[in-house]
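Protein chains in written order, with the working numbering: chain V, 1 to 605; chain D, 606 to 804.
Heads up: the structure comes next, in structure tokens.
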Amino acid sequence: MKKLLSGNEAFALGAYHAGVMVAAAYPGTPSTEILESIAGFDEVYAEWSTNEKVAMELGMGAAYAGVRALVSLKQVGLNVASDPFLAASITGINGGLVVIVADDPGVFSTQNEQDTRHYAKLAKVPMLEPSDSQEAYDLMAIAFEISEQFDTPVLVRSSTRISHSKSVVETNANRPASLKTAGFKHDVEKYVMLPVHVRLRRPVVEERLVKLTAYADTYPGNQIIKGEKRLGVVSSGVAYQHAREAFPRASFLKLGMTYPLPQKLLREFARQVGRLIIIEELDPFLEENIRALGIKVIGKEFIPRIGELNPGIVVESGYRAGLLPEPSRRKVSPPQGLPARPPVLCGGCPHAGIFFVLNTIGQRSKLLDARGKSAEQGKLVITGDIGCYTLATYPPLRAMDTTACMGAGIGQALGMEKAGIEGKVVAVIGDSTFLHSGITGVVDAVYNKSGVTIIILDNGTTAMTGHQEHPGTGISAKGKKTQKVELEKLVKGVGVEDVKVVDAFDIKAIRAAVRSSLENPELSVIIVRGACSVRLKKRTGQRNVDIEKCDDCETCLRIGCPAVQKLDEQVYIDATLCAGDACTICEQLCPKKAIGPVTATGGSK
Amino acid sequence: VKKKDLLMVGVGGQGIVLASDILSEVAMAAGYDVKKTDTLGMAQRGGSVVSQVRIADKVWSPLIKEGEADILVAFEKLEAARWSYVLGQGSAAIINNQTTPPLSVSLGTTKYPDDKAIEAILKRSAEHFYFIDGTRQAVELGDIRTLNILMLGCVASLLPIDVKIWKDCISQRLSPNILKMNMVAFDKGREEMSRAGVR
Numbered sequence: 001m002k003k004l005l006s007g008n009e010a011f012a013l014g015a016y017h018a019g020v021m022v023a024a025a026y027p028g029t030p031s032t033e034i035l036e037s038i039a040g041f042d043e044v045y046a047e048w049s050t051n052e053k054v055a056m057e058l059g060m061g062a063a064y065a066g067v068r069a070l071v072s073l074k075q076v077g078l079n080v081a082s083d084p085f086l087a088a089s090i091t092g093i094n095g096g097l098v099v100i101v102a103d104d105p106g107v108f109s110t111q112n113e114q115d116t117r118h119y120a121k122l123a124k125v126p127m128l129e130p131s132d133s134q135e136a137y138d139l140m141a142i143a144f145e146i147s148e149q150f151d152t153p154v155l156v157r158s159s160t161r162i163s164h165s166k167s168v169v170e171t172n173a174n175r176p177a178s179l180k181t182a183g184f185k186h187d188v189e190k191y192v193m194l195p196v197h198v199r200l201r202r203p204v205v206e207e208r209l210v211k212l213t214a215y216a217d218t219y220p221g222n223q224i225i226k227g228e229k230r231l232g233v234v235s236s237g238v239a240y241q242h243a244r245e246a247f248p249r250a251s252f253l254k255l256g257m258t259y260p261l262p263q264k265l266l267r268e269f270a271r272q273v274g275r276l277i278i279i280e281e282l283d284p285f286l287e288e289n290i291r292a293l294g295i296k297v298i299g300k301e302f303i304p305r306i307g308e309l310n311p312g313i314v315v316e317s318g319y320r321a322g323l324l325p326e327p328s329r330r331k332v333s334p335p336q337g338l339p340a341r342p343p344v345l346c347g348g349c350p351h352a353g354i355f356f357v358l359n360t361i362g363q364r365s366k367l368l369d370a371r372g373k374s375a376e377q378g379k380l381v382i383t384g385d386i387g388c389y390t391l392a393t394y395p396p397l398r399a400m401d402t403t404a405c406m407g408a409g410i411g412q413a414l415g416m417e418k419a420g421i422e423g424k425v426v427a428v429i430g431d432s433t434f435l436h437s438g439i440t441g442v443v444d445a446v447y448n449k450s451g452v453t454i455i456i457l458d459n460g461t462t463a464m465t466g467h468q469e470h471p472g473t474g475i476s477a478k479g480k481k482t483q484k485v486e487l488e489k490l491v492k493g494v495g496v497e498d499v500k501v502v503d504a505f506d507i508k509a510i511r512a513a514v515r516s517s518l519e520n521p522e523l524s525v526i527i528v529r530g531a532c533s534v535r536l537k538k539r540t541g542q543r544n545v546d547i548e549k550c551d552d553c554e555t556c557l558r559i560g561c562p563a564v565q566k567l568d569e570q571v572y573i574d575a576t577l578c579a580g581d582a583c584t585i586c587e588q589l590c591p592k593k594a595i596g597p598v599t600a601t602g603g604s605k
Numbered sequence: 606v607k608k609k610d611l612l613m614v615g616v617g618g619q620g621i622v623l624a625s626d627i628l629s630e631v632a633m634a635a636g637y638d639v640k641k642t643d644t645l646g647m648a649q650r651g652g653s654v655v656s657q658v659r660i661a662d663k664v665w666s667p668l669i670k671e672g673e674a675d676i677l678v679a680f681e682k683l684e685a686a687r688w689s690y691v692l693g694q695g696s697a698a699i700i701n702n703q704t705t706p707p708l709s710v711s712l713g714t715t716k717y718p719d720d721k722a723i724e725a726i727l728k729r730s731a732e733h734f735y736f737i738d739g740t741r742q743a744v745e746l747g748d749i750r751t752l753n754i755l756m757l758g759c760v761a762s763l764l765p766i767d768v769k770i771w772k773d774c775i776s777q778r779l780s781p782n783i784l785k786m787n788m789v790a791f792d793k794g795r796e797e798m799s800r801a802g803v804r
């Protein structure tokens, strides 16, 4: 059957057909849809784990128990999960354990641009790379087989352009009618990593790598595609597709397994062709490892190591390397001077009010220059975190000073406080991120007698990745009702005494809560609660600006709400973006009371 | 068709991803190879959205080469101006007559280009371009959310694929209670293009 599937949908269907029994993930662009798709299959246990570390440990446990398990995460998610992941390499598994990790070349939605292939070498585990959705589907079955045959976790590396591209997939397999049921065989020397047992496992891991290297030469996804002998191209992943388009006549060695490398096949290919070029995204991973085999190659001196590749860039690189004729220069360059359209908080966003308050209390509009720099410290330092709310860094809100990785804001706030900076430090973190890795920061703050203010933005969902459930929503990945973790009980339970909960759409209440917390020298937590406006089922009472009353003070524009717009010297509200009665923040802030719900006659009340 | 590279651009929330999904399914149903990819940025709504759809007998990369796109479908005027440079020889642009100022325009730090400036930018690379009153028509139909299907109706006029395939694919993707309204929107889009002289 032919289907148009994204890489992520293809991974999920491939894993399902390969008999996966347990799947775990934490949402992270561009990997999120893998777990979302797999959660649709009744026979598979699928969960949103609290974070990637837990997801990996769950995958290990399921594999130890003898069933096939899938863990899917984004590249920085593997950083969080790296401890159990490296442990799984040492112990080996029992049932197959496949870990799909999605890189983000070009940095569309990540805090770095790391190349995950290095983890395969670090952990001494095999790495497979599909170059389209068909391969993503096909290789899941092989990945589980390799995992079980060699007693190792298998890394599958995707990228934004594999995960988020749709292409035609022939789905030829079916899920096996009967699958192995779970059962744990006790084996202390294999599963209990006391140093004495690690020393027993170390040679096993090295022998496994030797066997995998031999296997790589027979791996069906490593293929020589014969073309002109003058030029040989080694490539993998989506870069292979760009390269095929850019070099339609060259010979290719397409690598479906990029660690360990097929040494015999590489030497054979190198003998067959004249010049050898490596076309790969990000780091010179293939290049360095192939060069280490004594094979002469060119690569990163022509192919950029920063950002996402595309056919145009590969053609340009081929020209610079003297391998392609001069490309017909396009006549038209991108237009200059157009206003950019950076990502923004949505109309009716529950984060807008609190950041407006932090901006005004911190007097940040005057503080920061156009590039967000200031020579002196302002009244309020705000450490931030990962989520939609990171967008509050942009003007007009400009209410965030740091963002590093999931959960880092709280620890950073403690560090600044303990270093002795003047004034209160505020840490801002979303509900899903708080449950992911903010809790330990709060425990640290209680234990080490911190006086920072922690603001938890509770919109009841994991919004930025597309509204996934989490422990605080009380709904499972399968859409079933479950036990809900209550944030206020949690923070009180670990010993925070000053805990306030405020309505995200009540500016007065937010301002009062922030003022009171800033005046309290003790540790305080404010939970700002309000539903994500994208999930509103019905929008009523869209707001409107009464032109007669409006004196153009622009206070409403400083909320950064995309529904509040100004063209040709007049402020107006775009009704298609306005969340209406669910929000009303602009109405609360308007000093002239010029904003109200749209009336039947089209004016404001 | 030798190949058709289409770029669909606009502002998050306009239904571009669904539109390019349906377009890709239409191409597959018509027997072509197809690849599509979306670039969404980080915003749920209001950011710049770019969908690339490549249709041919065999498609390699999912990414279109700059200067080689055949059709630009812009749901918003500023985004039309921003992306038109990607168009190549013999290309066409369909532009919805919609102005959505980015925050920087509302805040007065940048200026939204006027229609003349936008046309001048389009003329640098688009051989044909068609301004469509899509937003107004979708609102008149009773739901702004029919805009994406209306824009697909416009695209259908530029591709040699049977209208029946289009309507079948749309029916498969939309829920029955909104289907009728969207079919009207699809036909409206085709009408708009024939009024502009495309048959």
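Backbone N, C-alpha and C define an ideal beta-carbon position, used for all residues, glycine too.
8 angstroms Cβ cutoff, residue i in contact with chain D
i	result
M127 (chain V)	no
S251 (chain V)	no
N172 (chain V)	no
C405 (chain V)	no
A463 (chain V)	yes
Q565 (chain V)	yes
A690 (chain V)	Past the boundaries of the shown model lies residue 690 (chain V); chain V is included only from 1 to 605, so the question cannot be answered.
A136 (chain V)	no
F11 (chain V)	no
T116 (chain V)	no
C388 (chain V)	yes
N310 (chain V)	yes
C346 (chain V)	yes
L391 (chain V)	yes
K166 (chain V)	yes
H242 (chain V)	yes
8 angstroms contact criterion, which residue i and residue j should meet: CB distance rounded
i	j	result
G348 (chain V)	C583 (chain V)	4 angstroms
K424 (chain V)	L358 (chain V)	Rounded, the Cβ-Cβ distance is 11 angstroms, inconsistent with contact.
V525 (chain V)	V499 (chain V)	5 angstroms
I377 (chain V)	I421 (chain V)	Correcting the residue type first, residue 377 (chain V) is Gln in the shown sequence and not Ile. Their Cβ separation, rounded to whole angstroms, is 7 angstroms, which keeps Q377 (chain V) and I421 (chain V) in contact under 8 angstroms.
D385 (chain V)	G407 (chain V)	7 angstroms
I279 (chain V)	A250 (chain V)	Rounded, the Cβ-Cβ distance is 10 angstroms, inconsistent with contact.
E316 (chain V)	K300 (chain V)	Not confirmed; about 14 angstroms, so no contact.
F150 (chain V)	R202 (chain V)	At roughly 16 angstroms, the Cβ-Cβ gap does not stay under 8 angstroms, so F150 (chain V) and R202 (chain V) are not in contact.
Bridge-paired residues (DSSP) for residue i
i	result
Y259 (chain V)	V:M127
K640 (chain D)	V:S167, D:R659
Q613 (chain V)	There is no way to answer for residue 613 (chain V), as the model of chain V reaches only from 1 to 605.
D610 (chain D)	D:R659
R157 (chain V)	V:V101
Contact with chain V by residue i, beta-carbon distance below 8 angstroms
i	result
S711 (chain D)	yes
S776 (chain D)	no
L677 (chain D)	no
V760 (chain D)	no
K607 (chain D)	no
E630 (chain D)	yes
Residue i burial status per 10 Å Cβ neighbour count (16 or more: buried)
i	result
Q483 (chain V)	exposed
R535 (chain V)	exposed
K481 (chain V)	exposed
M1 (chain V)	exposed
L755 (chain D)	buried
R117 (chain V)	buried
V125 (chain V)	buried
What runs of the beta strand (DSSP E), each 3 residues or longer, lie entirely inside the region 500-558 of chain V?
524-529, 543-545
For the region 665-731 of chain D, which segments carrying the beta strand (DSSP E) assignment without a break, of at least 3 residues, lie completely within its bounds, in sequence order?
674-679, 692-701
Please specify which runs of the beta strand (DSSP E), each continuous and at least 3 residues long, are wholly inside the region 263-332 of chain V, giving them in chain order.
275-279
In chain order, what are the residue ranges of uninterrupted alpha helix (DSSP H) at least 4 long that sit wholly in the region 52-88 of chain V?
52-64, 75-80
Quick check for students: name the residue ranges of the alpha helix (DSSP H) that lie wholly in the region 172-248 of chain V, counting only runs of 4 or more.
188-191, 195-216, 237-246
Completely contained alpha helix (DSSP H) runs for the region 391-461 of chain V, where each covers 4 or more residues:
Segments of the alpha helix (DSSP H) lying fully in the region 391-461 of chain V: 408-419, 439-447.
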